[in-house]
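Protein chains in written order, with this note's numbering: chain R, 1 to 401; chain W, 402 to 802; chain A, 803 to 1132; chain V, 1133 to 1462. Glycine is no exception: its CB is placed at the ideal position from the N, C-alpha and C atoms.
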Ligand SMILES: Cc1ncc(C[n+]2csc(CCOP(=O)(O)OP(=O)(O)O)c2C)c(N)n1
Ligand SMILES: Cc1ncc(C[n+]2csc(CCOP(=O)(O)OP(=O)(O)O)c2C)c(N)n1
Ligand SMILES: [Mg+2]
Ligand SMILES: [Mg+2]
């Protein structure tokens, strides 16, 4: 694939962070205050761009996007648009039978691109199964994401290649891997950080609580990024918690913040803040990105059985892409040419993904026996040999006829 | 056994609660304020009796022990003394080889008797393996507790008999059972409550977090009673959390309170408050009883490897029994006769326990095959029959010689 | 006997739905709980319509935490309820494994029989539906080794209906493995029948040359194998074991004493699978009867593969026939 | 050959301690983690002194959460570490079961070999020490069925030392079952020896009449059985399997082809235990050699009993001799 995320095209740095260090001088006390500020019962939602695209001031978090340029903003916009295009293509490939399943990120582009672009190359990402936008930011070839949904592998990209771990389907599990990885960073004396994505539903898993405990006790440099998209398949967030999810962190001894997950700028700023806390040795942070799953849970799901269209309509007005477009237009940060060019690029991406998926070969039968172990296993060898003989028996039969 | 807890001797009601209803009129808002008050970073420790035995005022919690009489206080004292005596006897029985193991509650008498005496008969208790004092309050025959430590059974008392569940060794598991039981109470429309005991170490288990989540979501009438005895075997509480444990609750949407676990009066009051919240439909509460494990983790443990004697010495000054004795004496609530009589009763208890344990028969070999299933299982039947034949073969051999 | 009017043709999933409905109707202590079992009716619609008819207090959407689901079900059972728990897919039962193995399985023995835990854990299991990772596994062996649990798996709608009735009525915890690839297979269900014992195997096809033993999704395959073998003049007996703990060894033994050959088929990996236990015990019981070693057809010692490889991984007609040939060649 | 000076007599627990020490010394990426492994040195003192010498960053007291321990060990492995995790007792591994089965076991395959997880999970297992519930179980079968894991269990100090070295060096996850009742048994350990393959069985006593196969704590018992049988003029071969996944079937087969009889002994319940897999496979491989069915001696299908019954529950000299007699009677 020749498609590249905006980060990849612009020398792999965090968006809005020219020198790659802006904001690291921020004092600990300010950061703590920011966290402390979220204690009221009315959830404080960090928002920098209103749904209408108006930039609003936020004393705590503005500094984290202070260096952002029009080009950066266009880059964020481009990433969101291309991610959505990719996602739509995957959905349609599923309908055409090219994929067995697809988990759409529709509506969550800002949370993912904002947080994804906050990362440094040496940071490490632990996604769920829906972080196609984050993968995009990390430069993971989008085709790679489709292998597991097509059923040709269970992931299969090299996590070390882009510091982007494999998708994890068992919800919550990866938060512990992220914590362990972050503990390793501390042991190495490095200043990189880890981000672990999970959903509102996953927040109920014991593993997530244990990740909170371990990361707090070891002061691990990890950001827990919870995309609260209001639904866990058919269950609304009230089935997981009776208080806003970002408040969960406090009882484990680290700050939690709720950010407007449909606001790419706020998602970027809050994630950068959290990552810098991590780098500065202040330990874990929980970011709850308040967003909405615009589509079905997966292509197998039928949301009409459990939610009303009105809800979706209300969230459509807060669309993350539309909002940034309004801002770009009203601030004259982008001209028609930009949008037109992006449209072309977008279509090209769709086409390339389509072609790549259709050309994706089925795995060899013997792949079943590969990679079960790194150092081999006598039984696997035996079964492989038996299978080979069995397969050969058909060839013999065919040949013998 | 003829030994009886003070509750059993006094027509089974909560201590300090003549009518069995005192305090139920307490308004929700006051209760909430009490909880809200624990938000500061310096842990607020609820204390009603100082280590010197001085009664101190507490606007929030005094009402819960307002009706307490001198007789009640003597009862609490008696329960603590007898529990400690029983515990000491068990420790010495272990040394004599009569028990395989013993987990001493030494130092935690106030937390256990205070909370145990706050319960109504129709409340239900889910203990860990160390709640001998609570068992005492529930009227469980102390000898019953020794069966599992002697190795003749894995519990074996009837939990329904005294609404006191079996000891649970896998740490944290029982908090979910408690939550489910409490959900059942709600379904039944009953106004009883559940109390789940667990330790500071157990607070790290995912199961405990899931219990918090379920109980909050279903607003279950359950009190989570964490005895923070400062140690989980060799690990200090800092290995489990970087903030005080009672704060954990807040992030799940219910209040947490830290009470002086060496103060029986405060433990009683705070537990009553929490139970009444439960009965009033206000859902779960976390009580952290701040106390100290005076002895080894179990008789197998050697605490000299990981902690200093000074620490123990400091806590000795806060001894729960001494403290109440000072109060009883200075307030002239008890005379020498009372203490002398208690001493006699105490020795008699020790003797009876000793004799009962020594008389405890080993289980029949066939007990292995009993109660594996309620409705039977063909394989168990087969193995039992084979075992019987095998056993009989020795008899044959012996007979044949 | 002619079919009675109480008999209806229904899909296996629908049969479970009807059985749950009947249990909810009959006993106010029965509750259904799990992820998405309410409004959605479960991802396979097995609980479709139940919450609507019995309310949120009887049909409970739970937080997404399997240990919590089983752990609170245990608590509800202690309070006198009879919870029927749904685990959404086979691969997601493992967070609940501790509660199942150390609590659910052992409470009756631990209490010397004073506590009964009539909890049913429903697990849609097995492959063949083209799903992603963790959605196609067959973990029954991992439960069968654990004393205190009963494990059953129906192969058809009628058994699904009746075995669910019996599982709910059982005072023991029952792990109820539902063959998800057969959810849509229809067959007759007589809702007025008197069912046989829950743990008894059934001869679904009599034969003389070799016994095929299977349960759940593999019974249908074995019937197809028997058809195919019949065309080649071989008479295979097909046993539907129905129960994995206990296993009806008497029925297998009786069959093998006649046919003298046994092939066990399951989707789960062969290594430490139920075939191993059956082979070991039947060889002991029928040592002088067996003309060939008991052969096993099942999954390989490898994680369940991605969907495009599952046809290769799963036992199919050819692989079972191959085992039949190998057995008969002795 | 005479014993070299590099050989020392030490207890099995001490051998593991020395082996961990050597690994910590040799490779800065090795970390030891678990409950109470630091100052206390573990409840069995297997990690005694390690934190003192290697510091809190290498020898880590963890929060009390087994899923968290294994889950963060996976993360550490992803970062390039080689964690050696202690589960305090057999019965407490189940909260970590999900992480072990769905993550640790499958990550290498899931990543098509790109991710290696060199994690060792140490589990003191088995009974015979008079402990309370959950402290005496033998859950190895519950891991052996799961592809992606390797499972070993040493029976003596020398194997404990060397198998631990090899387990830590392995790029695969290894579940290392330590026979806790043998922790205090002493034997020679040559710390300069060149060990054989990790998964190879070893004939610990040659014999001609029957093969006894065992691993971990039951090897010593089988040697005692062979002694006793020798007095009655019977020559038993004793195989120390050493590995439960993979199982060295070639070695068992070679032995059985000579002795024509096999008894498998383990503490774990017989039903779905390793004896089942061994019986099934060896019967298939040695069908015409076996004079008797493979017999199994192990735990009953019941929860591990309270301490005062464990002698009845556990295989002992008489029970194994009884099986030997039954086998020889064929
Ligand atoms: C342990 C586990 N249980 C159940 C499932 C099935 N499942 C897949 S996604 C999902 C809902 C997750 O909701 P949430 O965490 O909010 O993430 P979202 O899908 O909304 O992004 C469920 C129940 C699973 N994958 N893992
Ligand atoms: C799941 C589990 N892991 C490990 C153990 C071993 N263990 C028994 S008690 C204990 C310490 C528990 O500490 P805490 O919860 O503080 O309770 P305390 O013993 O101090 O009362 C440990 C690690 C266990 N019983 N269960
Ligand atoms: Mg969600
Ligand atoms: Mg403690």
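With 9 angstroms set as the bound, which would you pick, yes or no: does the beta-carbon of residue i sit closer than that to a beta-carbon of chain W?
i                       : result
residue 1432 of chain V : yes
residue 253 of chain R  : yes
residue 302 of chain R  : no
residue 833 of chain A  : yes
residue 239 of chain R  : yes
residue 1199 of chain V : yes
residue 1047 of chain A : yes
Whose C-beta lies closer than 7 angstroms to the C-beta of residue i among residues of the same chain, with five residues either side of it excluded?
i                      : result
residue 480 of chain R : Given that chain R is displayed from residue 1 to residue 401, the structure contains no residue 480 of chain R and the question cannot be resolved.
residue 846 of chain A : 815, 926, 982, 985
residue 422 of chain W : Bear in mind that a pLDDT of 39 at residue 422 of chain W, under 50, signals an unreliable position, so the number given afterwards is only what the model happens to contain. Same-chain partners within the cutoff: there are none.
residue 762 of chain W : none
Between residue i and chain V, is the shortest Cβ-Cβ distance under 9 angstroms, so that the two count as touching?
i                      : result
residue 551 of chain W : yes
residue 633 of chain W : yes
residue 904 of chain A : yes
residue 763 of chain W : yes
residue 791 of chain W : yes
Here's the rule: buried if 16 or more other CB atoms are within 10 angstroms of the residue's CB, otherwise exposed. What is residue i?
i                       : result
residue 1316 of chain V : exposed
residue 1409 of chain V : buried
residue 1326 of chain V : exposed
residue 792 of chain W  : exposed
residue 615 of chain W  : buried
residue 1063 of chain A : buried
Can you name, in chain order, every residue of its own chain whose Cβ lies under 8 angstroms from the Cβ of residue i, other than the five neighbours on each side?
i                      : result
residue 477 of chain W : 407, 416, 514, 515, 518, 665, 666, 669, 725
Is there at least one Cβ from chain R nearer than 9 angstroms to residue i's Cβ?
i                       : result
residue 866 of chain A  : yes
residue 805 of chain W  : Outside the shown range of chain W (402 to 802) lies residue 805 of chain W, about which nothing can therefore be said.
residue 593 of chain W  : no
residue 1127 of chain V : The structure shown has nothing for residue 1127 of chain V, since chain V only spans 1133 to 1462.
With a threshold of 8 angstroms, establish whether the CB of residue i neighbours any heavy atom of ligand 5.
i                      : result
residue 171 of chain R : Only ligand 1, ligand 2, ligand 3 and ligand 4 can be found as ligands here, which leaves ligand 5 out of the picture.
Looking at the structure shown, is residue i part of a helix, part of a strand, or coil, going by DSSP?
i                       : result
residue 1268 of chain V : coil
residue 5 of chain R    : coil
residue 226 of chain R  : strand
residue 862 of chain A  : strand
residue 900 of chain A  : helix
residue 1004 of chain A : strand
Is the CB of residue i under 9 angstroms away from at least one CB in chain A?
i                      : result
residue 374 of chain R : no
CB-CB under 6 angstroms to residue i, same chain, minus the five flanking residues each way: which ones, in chain order?
i                       : result
residue 1285 of chain V : 1309, 1347, 1348
Members of the stretch 1084-1109 of chain A near chain R, C-beta cut-off 8 angstroms = 1102, 1103, 1104, 1105, 1107, 1108, 1109
request  = Could you list the residues in the stretch 132-147 of chain R with a C-beta less than 9 angstroms from some C-beta on chain V, going in chain order?
outcome  = Those residues of the stretch 132-147 of chain R that come within reach of chain V (Cβ to Cβ, closer than 9 angstroms) do not exist; the list is empty.
inquiry  = What are the residues in the stretch 196-228 of chain R lying within 9 angstroms of chain W by C-beta distance?
reply    = 203, 204, 205, 206, 207, 208, 209, 210, 212, 213, 214, 216, 217, 219
query = What residues in the stretch 1169-1189 of chain V have a beta carbon less than 8 angstroms from any beta carbon of chain R?
reply = 1189
query = Between the stretch 1212-1229 of chain V and chain W, which residues of the former have a C-beta closer than 9 angstroms to a C-beta of the latter?
reply = 1220, 1223, 1224, 1226, 1227
Chain-ordered residues of the stretch 1061-1074 of chain A with a beta carbon less than 7 angstroms from chain R = Answer set for the stretch 1061-1074 of chain A: 1073.
ask   = Just by C-beta distance, which residues in the stretch 902-933 of chain A are closer than 8 angstroms to chain R?
value = 932, 933
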